[in-house]
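Counting along the sequence shown from 1, when you hit position 254 you're at 270 in our numbering, and nothing is skipped either side.
Glycine included, C-beta positions come from ideal geometry on N, C-alpha and C.
Structure first, then comments.
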Amino acid sequence: GSGLNDWWISSLTILIDLAVLIAASLLADFITRRIVIGLIHRAVKRSKATWDDHFFKEKVFQALVHIMPTLIIRGFLPVVFEDVPGLIVPLQTILSIFLVYQVVILINRAARAGSHIVEELDAFKDKPVRTVLSVVQFLTWFIGVLAVVSALTHTPLASILGALAGATAIFILIFQDAINGLLANFQIVLYDLIKKGDWITFDKFGVDGDVVSIDLTTVKIKNFDNTISSVPAKAFVTDSFINWRGMRLAQVRRIKRNLVIDLESVAFVNDEVLAEFKKIERVRPYLTAREREISAHNAEFGVDKSHPVNGRHMTNLGVFRAYALAYLEEHPSISNVHTLMVRQLPVTGQGIPLEVYCFANTIIWPEYESIASDLFDHLIAAAPSFGLNLFQAPTAASVRGGALPLE
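The structure is reproduced here in structure tokens:
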């Protein structure tokens with residue numbers, strides 16, 4: 017009977033001690049949650065600094081104070097279960113695993129808060145802060161898993177890390193996507209390939225829009241049709257894409273289009289046509305200077321003017337090219353600082369392309385398209401005034417109207 021009574025007394029003592037321990041831990045948790053966190057919250061509200069707002073919003077302080085009850089319980093386990101030593105080690109292992117989990121959560125929350133603080137700094141607004149955050153979170157969980165294994169096997173963490181060094185090849189194979197993404201991110205930052213907010217065009221992935229975020233393994237782009245595309249980070253290192261950042265920095269956008277001139281409409285300019293062209297104000301200075309230059313050349317070499325191919329003569333295509341250039345130089349929406357030219361491209365089966373190469377003084381898409389359209393509206397309408405015909409594919413209407421032969 018006395019043995020049974022001793023067992024009941026011992027069990028009751030353990031239960032009482034355990035109840036006291038749980039009550040103490042709950043009291044500690046209550047005090048930290050209601051009093052300590054309340055004091056911290058008031059301090060954060062009064063503070064003019066912004067960093068503590070991020071720490072409070074991410075519940076870093078809550079995660080920190082919640083560790084206290086776990087430490088209390090774990091520290092008093094040997095006292096409570098003094099008469100049952102077989103339970104001490106298993107319970108300590110369970111609490112150690114729970115403590116590791118709480119520490120990992122604390123570090124991750126602090127890392128998130130830190131990333132928000134860094135992103136608000138001007139020097140880091142276009143840097144891949146989220147990539148660094150992803151790396152920190154990955155390493156934290158990885159070390160946390162190793163710590164759990166260490167607690168379960170009662171093996172020092174250093175020994176586990178040493179064993180993993182021998183399994184590097186397997187580790188690389190398992191985490192190759194994360195490793196490749198990390199290396200790609202470092203190259204993206206090192207070579208300044210893309211930044212958050214850059215407009216990029218990536219034909220391979222059907223992407224045309226602004227970079228929204230640069231994460232560990234992917235880059236998210238918001239396309240101009242409001243769809244979201246995810247592109248592997250390593251693709252920006254291995255494949256070719258267009259970054260329009262230079263255009264945005266220069267605040268100008270290139271216009272590079274051409275008109276195809278019908279070769280049969282190109283002709284020399286005779287005196288009668290020259291007099292007609294001189295009525296066009298934009299080319300009058302060009303015609304006067306060009307006429308003086310050509311006349312001097314032909315007189316110097318005694319050119320026989322009985323045939324137009326002898327000596328040098330102006331052509332309607334050359335005059336139109338000069339007119340187009342003068343029109344661009346006078347246009348208020350075309351930059352005179354950047355490259356500006358009108359040039360001929362190699363002859364094709366459709367005719368001779370006359371390319372306009374200039375830069376509009378805007379990068380706003382609707383404004384840019386309006387400037388380019390107005391520019392070519394004018395040149396297309398002006399071409400016939402120089403005796404030039406523009407090429408276009410035959411239409412049913414032109415065939416029916418007899419403009420083209422049916423045979």
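### Message
Mapping the DSSP letters down to three states, classify Leu155 as helix, strand or coil.
### Response
Along the sequence shown, read from residue 1 onward, the residue named residue 155 stands at position 139. Three-state result, Leu155: helix.
### Query
Rounded to a whole number of angstroms, what is the C-alpha to C-alpha distance between Asp278 and Lys238?
If you number the sequence shown from 1, residue 278 lands on position 262. If you number the sequence shown from 1, residue 238 lands on position 222. Cα to Cα, the separation comes out at about 43 Å.
### Task
Tell me the start and end of each unbroken beta strand (DSSP E) in the stretch 212 to 259 that is at least 3 residues and wholly inside, in chain order.
Listed in chain order, the complete beta strand (DSSP E) runs (minimum 3 residues) inside the stretch 212 to 259 are 215 to 218, 223 to 230, 234 to 239 and 244 to 248.
### Query
The beta strand (DSSP E) with Ala376 in it runs from where to where?
Translated into the one-based positions of the sequence shown, residue 376 becomes position 360. Note, Ala376: beta strand (DSSP E), Ile368 to Ala376.
### Task
Assuming Leu361 contacts Asn274 (C-beta within less than 8 Å), just tell me the rounded distance between them.
Numbered from 1 along the sequence shown, position 345 holds the residue referred to as residue 361. Numbered from 1 along the sequence shown, position 258 holds the residue referred to as residue 274. Sure, about 6 Å apart at Cβ, within 8 Å.
### C-alpha gap between Ile258 and Glu385, whole angstroms
On the sequence shown, residue 258 is found 242 positions in, with the first residue counted as 1. On the sequence shown, residue 385 is found 369 positions in, with the first residue counted as 1. Their backbone Cα atoms lie some 20 Å apart in a straight line.
#### Entry: Nonlocal neighbours in the same chain, by C-beta distance under 6 Å from Thr350, ignoring five residues either side
As a working mapping, residue 350 is identified with position 334 in the sequence shown. Note that residue 350 corresponds to Ile in the displayed sequence, not to Thr. Excluding residues within five positions, the ones whose Cβ falls inside 6 Å are Leu344 and Cys374.
#### Entry: Below-9 Å beta-carbon distance, Val161 vs any chain D residue
No chain D appears in this structure, which consists of one protein chain only.
### Message
Using DSSP's beta-bridge definition, name the partner residues of Thr48.
### Response
The residue labelled residue 48 in the question sits at position 32 within the sequence shown. Beta-bridge annotation (DSSP): Thr48 is not paired with any residue.
### Query
Alpha carbon to alpha carbon, how far is Gly17 from His170?
For the purposes of this step, residue 17 is taken as the residue at position 1 of the sequence shown. For the purposes of this step, residue 170 is taken as the residue at position 154 of the sequence shown. Here the model assigns Gly17 a pLDDT of 48, short of 50, so the residue's position is not dependable, and the following value carries that caveat. C-alpha of Gly17 to C-alpha of His170: approximately 40 Å in a straight line.
### Query
What are the start and end residues of the alpha helix (DSSP H) that includes Arg298?
By 1-based counting over the sequence shown, the position of residue 298 is 282. Per DSSP, Arg298 belongs to no alpha helix (DSSP H) and is neither H nor E.
#### Entry: For Ser63 and Ile83, the rounded distance between their alpha carbons
Here the question's residue 83 lines up with position 67 in the sequence shown. Here the question's residue 63 lines up with position 47 in the sequence shown. The alpha-carbon atoms of Ile83 and Ser63 are separated by roughly 25 Å.
### Query
Alpha carbon to alpha carbon, what distance is there between Asn332 and Ala283?
Your numbering for residue 283 matches position 267 in the sequence shown. Your numbering for residue 332 matches position 316 in the sequence shown. Taking the straight line from one Cα to the other gives about 6 Å.
### Task
Could you please give the first and the last residue of the uninterrupted alpha helix (DSSP H) stretch that includes Asn274?
For this step, residue 274 is matched to residue 258 along the sequence shown. Looking at the DSSP string, Asn274 is not in any alpha helix (DSSP H); the run it does join, the beta strand (DSSP E), is Arg269 to Ile277.
### Task
Locate the beta strand (DSSP E) running through Met357, then write down its first and last residues.
Here the question's residue 357 lines up with position 341 in the sequence shown. Per DSSP, Met357 belongs to the beta strand (DSSP E) from Met357 to Gln360.
### Task
Please list, in chain order, all residues of the same chain as Met330 whose beta carbon is under 8 Å from its beta carbon, the five residues on each side excluded.
For this step, residue 330 is matched to residue 314 along the sequence shown. Only Phe284, Val285, Leu290, Leu303, Arg306, Glu307 and Ile310 meet the Cβ criterion.
### Query
Taking the Cβ atom as the reference point for each residue, do Ile216 and Ile230 lie within a distance shorter than 9 Å?
One-based indexing of the sequence shown puts residue 216 at position 200. One-based indexing of the sequence shown puts residue 230 at position 214. Result no, Cβ atoms of Ile216 and Ile230 do not sit closer than 9 Å.
### Task
Could you pull out every residue in the same chain whose Cβ sits closer than 8 Å to the Cβ of Ile38, ignoring the five residues on either side in sequence?
As a working note, residue 38 is residue 22 in the sequence shown. Within the same chain, Ile38 has close Cβ partners Ile89.
### Task
Note down the Cα distance separating Phe202 from Gln108, rounded to an integer number of angstroms.
As a first step, residue 202 must be located in the sequence shown, where it is residue number 186. As a first step, residue 108 must be located in the sequence shown, where it is residue number 92. Their Cα atoms are separated by approximately 41 Å.
### Message
Using C-beta distances below 7 Å, list every residue in its chain close to Phe77, excluding the 5 sequence neighbours before and after it, in chain order.
### Response
Translated into positions along the sequence shown, residue 77 becomes position 61. The residues are Ile53, Ile56 and Phe71.
### Message
If the criterion is Cβ atoms closer than 9 Å, does the pair Ile379 and Arg264 meet it?
### Response
Mapped onto the sequence shown, residue 379 falls at position 363. Mapped onto the sequence shown, residue 264 falls at position 248. Closer than 9 Å, so yes.
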